[in-house]
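Residue numbers (full-length UniProt numbering): 1 to 544.
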């Protein structure tokens, strides 16, 4: 089996190697090596990362030799395809919704629908126990239909996007992100990290996979090859090339990886694990050992209870700030030196200001930035203050990526802490957003709380869920209650705003959940008293 060395630029050569690989060769005597971290106080968890990777890849090699994954031929099983194939990804309970035969069928269907026979597909996975087996099953199905697999093994989701963009190849990432340990999922992308939604291919993949699971997967005459590539060094070098950290003032930060893939990427990007020169940043690691059972807390920083350990560690260590990554490390949350949470809208404004300035310094005059309709009003104001054009979008990963590509926007941000970059193939990267925040903090010469205060003049509720039996009736009640004193906008759900020109302004948005009988409410106002009044009134109407 050909195993190319990590490379930073010759992606064409890598693809040629993949095409030349012989499909029948095994990985029995090979395993992916993942560099371990050498940042301060990290020796214990660095060893655990190395051992974890060894065990996962040894298991993968054994599976490849033994052929333990089902051939997926005429499987007699009931699969609720409508439930596991979501708007933007595949997700379900391991062993109940997602099994290796199901995943193998999805791999084959992905190749058929996206027409990838003879082309390359990047396959990576997170640290969940089921992920290596699912990655193998998917690769088996894809190879049966003629796709060549570039296996990158353990990776974060944004590292997977990097590989897709860098190699100009479609990709599959096995992760359930911040969901509990009993779940897993698949994030699929076309070449150059272009997203796939239910309307742009995922629905067809679902239908084709259901057919193949029932009938069996026809094996093409020229099955696809499989090679390995260690993507981490090139990924880390790419990010550090976009945001220079070598000359910043020394910083001390705490990073909570939540036992997720941040424990894999942070040592490479901020430390020396990938062979980069060290940045003047002391990293205090929390929960860097990879463990898909999440023994310390859920890897979901959107829930503030999962930030408590980080907040305490920032205070205990006198750190300049804290960073928290979700399970697949595509989202990053920030707390300041006092332990206060810095809202994703503030991060969005900070990064937007920097990306606009960067584009202008490069000679661009027509600059645009994407933000979804739930970000704070300060985001739009910051974009305009920088001389760029704000473009408001609906909520949704693939929607934002496609709109960024259409408008060539330099940056895009969501209220949920997804941050998208033109220089990252319009894909989202929590790590890249974190680098921007670190650089902005260092350049400010002050504290994180002071920097955040520049972008925090208003008052927001965050997203509040209400269980509602009849969503249409609840929205009708809202319209009736506010129609005489507000402006309605049905761009995405229902946005209700105070009449333009009102000094004490407010707005709120209600959106139905795609998967549950829930209404999601977000409120923002110019004053705390107005926020509380509108929030209380809206909740009474929704829940009555």
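Glycine included, each C-beta is placed from N, C-alpha and C at the ideal position.
### Task
Ignore the nearest five residues each way along the sequence and tell me which others in residue 527's own chain have a CB closer than 7 Å to its CB.
By one-based count along the chain shown, residue 527 stands at place 527. Only 459, 504 meet the Cβ criterion.
### Task
Specify the secondary structure class of residue 438 as computed by DSSP and reduced to three states.
As a working mapping, residue 438 is identified with position 438 in the chain shown. Of the three classes helix, strand and coil, the one that applies to residue 438 here is helix, per DSSP.
#### Entry: Cutoff 6 Å; reference residue 494; Cβ partners in own chain excluding five residues on either side
Translated into positions along the chain shown, residue 494 becomes position 494. Closer than 6 Å at the Cβ level, and outside the excluded window around residue 494, lie 475, 510.
### Query
How would you write the range of the beta strand (DSSP E) that residue 467 sits in, first residue to last?
As a working mapping, residue 467 is identified with position 467 in the chain shown. 459 to 467 is the span of the beta strand (DSSP E), which, as asked, contains residue 467.
### Task
Give a yes or no on whether the C-beta atoms belonging to residue 113 and residue 205 are separated by under 9 Å.
Locating residue 113 in the chain shown gives position 113, counting from the first residue. Locating residue 205 in the chain shown gives position 205, counting from the first residue. Their beta carbons are under 9 Å apart, which means residue 113 touches residue 205 by this criterion.
### Task
For my contact list, residue 151 and residue 217 are in at a C-beta cut-off of 8 Å; report their separation, rounded to the angstrom.
For the purposes of this step, residue 151 is identified with residue 151 of the chain shown, where counting begins at 1. For the purposes of this step, residue 217 is identified with residue 217 of the chain shown, where counting begins at 1. In fact, because the Cβ distance is near 19 Å, the residues do not count as touching under 8 Å.
### Message
Can you check which of these residues, 108, 252, 346, is closest to residue 456 by C-alpha distance?
### Response
By one-based count along the chain shown, residue 456 stands at place 456. Among 108, 252, 346, the Cα nearest to that of residue 456 belongs to 346.
### Query
Which residue or residues does DSSP assign as beta-bridge partners of residue 389?
For the purposes of this step, residue 389 is identified with residue 389 of the chain shown, where counting begins at 1. According to DSSP, which records beta bridges pairwise, residue 389 is partnered with 368.
### Query
Touch check for the segment 304 to 316 and the segment 122 to 137: three-plus C-beta pairs under 8 Å?
Contact fails: fewer than three Cβ-Cβ distances are below 8 Å.
### Message
For a quick check, are the C-beta atoms of residue 518 and residue 487 less than 9 Å apart?
### Response
Your numbering for residue 518 matches position 518 in the chain shown. Your numbering for residue 487 matches position 487 in the chain shown. In this structure, residue 518 keeps its C-beta atom at 9 Å or more from the C-beta atom of residue 487.
### Pairwise C-alpha distance: residue 532 and residue 525
Taking the chain shown and counting its residues from 1, one reaches residue 525 at position 525. Taking the chain shown and counting its residues from 1, one reaches residue 532 at position 532. So the two alpha carbons sit approximately 9 Å from each other.
### CB-CB length for residue 405 against residue 421, believed under 8 Å
Taking the first residue of the chain shown as 1, we reach residue 405 at position 405. Taking the first residue of the chain shown as 1, we reach residue 421 at position 421. Residue 405 to residue 421, Cβ: 12 Å. No contact.
### Task
Could you pull out every residue in the same chain whose Cβ sits closer than 7 Å to the Cβ of residue 84, ignoring the five residues on either side in sequence?
Counting from 1 along the chain shown, the entry for residue 84 is found at position 84. 90, 91, 92, 97, 98, listed in sequence order.
### residue 271 versus residue 479 - alpha carbon distance
Residue mapping note: residue 271 aligns to position 271 of the chain shown, counting from 1. Residue mapping note: residue 479 aligns to position 479 of the chain shown, counting from 1. Using only the alpha carbons, I get a separation of about 53 Å.
#### Entry: Span of the beta strand (DSSP E), counted from its first residue to its last, around residue 136
In the chain shown, residue 136 corresponds to position 136, counting from 1. Segment 131 to 144 is the alpha helix (DSSP H) holding residue 136; no beta strand (DSSP E) there.
### Task
Assuming residue 434 and residue 323 form a contact by the criterion Cβ under 8 Å, report the distance between their Cβ atoms to the nearest whole angstrom.
The count along the chain shown starts at 1 and reaches residue 434 at position 434. The count along the chain shown starts at 1 and reaches residue 323 at position 323. Right, the Cβ-Cβ distance comes to about 5 Å (below 8 Å), so this counts as a contact.
### Query
Do residue 382 and residue 349 have their CB atoms nearer than 9 Å?
Position 382 of the chain shown, counted from the first residue, corresponds to residue 382. Position 349 of the chain shown, counted from the first residue, corresponds to residue 349. Cβ distance < 9 Å, so residue 382 and residue 349 count as in contact.
### Query
By DSSP, does residue 490 sit in helix, in strand, or in coil?
Within the chain shown, residue 490 is the residue found at index 490, counting from 1. Residue state, collapsed to three classes: coil.
### Message
Quick check on the burial criterion: 16 or more other C-beta atoms within 10 angstroms. Buried or exposed for residue 354?
### Response
On the chain shown, position 354 is the one that residue 354 refers to. Counting C-beta atoms within 10 angstroms of its own C-beta, residue 354 has 16 or more neighbours from the protein chains shown and is therefore classed as buried.
### Query
By Cβ distance, which residues of its chain are closer than 8 Å to residue 38, with the 5 residues on each side in sequence left out?
Against the chain shown, residue 38 aligns to sequence position 38. Reliability fails at residue 38, whose pLDDT of 32 lies under 50, so the model's placement of it is uncertain and the value that follows must be treated cautiously. For residue 38, where only same-chain residues beyond five positions count, the Cβ hits under 8 Å are 46, 267, 271, 272, 273.
### Message
If you reduce the DSSP assignment to three classes, tell me which class residue 482 lands in.
### Response
Locating residue 482 in the chain shown gives position 482, where the first residue counts as 1. DSSP places residue 482 within a helical segment (H, G or I) once states are collapsed to three.
### Given residue 377 as reference, the closest of 414, 232, 516 once Cα atoms are compared
Working through the chain shown from its first residue, we reach residue 377 at position 377. Of the candidates 414, 232, 516, the one whose C-alpha sits nearest the C-alpha of residue 377 is 414.
### Nonlocal neighbours in the same chain, by C-beta distance under 7 Å from residue 259, ignoring five residues either side
Residue 259 sits at position 259 when you count from the first residue of the chain shown. Answer for residue 259: 287, 289, 290, 291, 294, 295, 296, 299, listed in chain order.
### Query
Looking at the structure shown, is residue 426 part of a helix, part of a strand, or coil, going by DSSP?
Numbered from its first residue, the chain shown carries residue 426 at position 426. Reduced to three states, the DSSP call for residue 426 is coil.
### Message
Pull the bridge partners of residue 324 from the DSSP assignment, please.
### Response
As a working mapping, residue 324 is identified with position 324 in the chain shown. In DSSP, residue 324 forms a bridge with 256, 333.
### Query
Are residue 430 and residue 326 closer than 9 Å when you measure CB to CB?
Translated into positions along the chain shown, residue 430 becomes position 430. Translated into positions along the chain shown, residue 326 becomes position 326. Yes.
### Message
residue 154 and residue 173 - do their beta-carbons sit closer together than 9 Å?
### Response
As a working mapping, residue 173 is identified with position 173 in the chain shown. As a working mapping, residue 154 is identified with position 154 in the chain shown. Contact flag unset, no.
### Task
Use the C-beta contact count for residue 439: other C-beta atoms within 10 angstroms, 16 or more gives buried, fewer gives exposed.
Here residue 439 corresponds to residue number 439 of the chain shown, with the count starting at 1. It is buried - the Cβ of residue 439 has at least 16 other Cβ atoms within 10 Å.
### Validate contact between the segment 192 to 204 and the segment 177 to 184 using beta carbons, cut 8 Å, 3 pairs
The answer is no - the segment 177 to 184 does not touch the segment 192 to 204, with fewer than three Cβ pairs under 8 Å.
### Query
Is it the case that the Cβ atoms of residue 264 and residue 330 are separated by a distance below 9 Å?
For the purposes of this step, residue 264 is taken as residue 264 along the chain shown, with counting starting at 1. For the purposes of this step, residue 330 is taken as residue 330 along the chain shown, with counting starting at 1. No.
### Message
Quick check on this structure: which residue in 242, 189, 102 has the alpha carbon closest to the alpha carbon of residue 213?
### Response
Looking up residue 213 in the chain shown gives position 213. Sorting 242, 189, 102 by C-alpha distance to the C-alpha of residue 213 places 102 at the top.
### Query
Are the CB atoms of residue 344 and residue 365 nearer to each other than 9 Å?
Mapped onto the chain shown, residue 344 falls at position 344. Mapped onto the chain shown, residue 365 falls at position 365. Taking 9 Å as the Cβ cut-off, residue 344 and residue 365 do not qualify as a contacting pair.
### Task
Compute the distance between the beta-carbons of residue 188 and residue 146, then report whether it is under 9 Å.
By one-based count along the chain shown, residue 188 stands at place 188. By one-based count along the chain shown, residue 146 stands at place 146. Taking 9 Å as the Cβ cut-off, residue 188 and residue 146 do not qualify as a contacting pair.
### Query
Going straight from the alpha carbon of residue 390 to that of residue 167, what length do you get?
Looking up residue 390 in the chain shown gives position 390. Looking up residue 167 in the chain shown gives position 167. Those two C-alpha atoms are separated by around 31 Å.
### Message
On a Cα-Cα basis, can you pick out the residue from 372, 278, 356, 452 that is closest to residue 237?
### Response
By one-based count along the chain shown, residue 237 stands at place 237. Comparing Cα positions, the closest option is 278.
### Task
Could you tell me how far apart the beta carbons of residue 223 and residue 143 are, in whole angstroms, since I believe they sit closer than 8 Å?
The residue labelled residue 223 in the question sits at position 223 within the chain shown. The residue labelled residue 143 in the question sits at position 143 within the chain shown. Their Cβ separation, rounded to whole angstroms, is 5 Å, which keeps residue 223 and residue 143 in contact under 8 Å.
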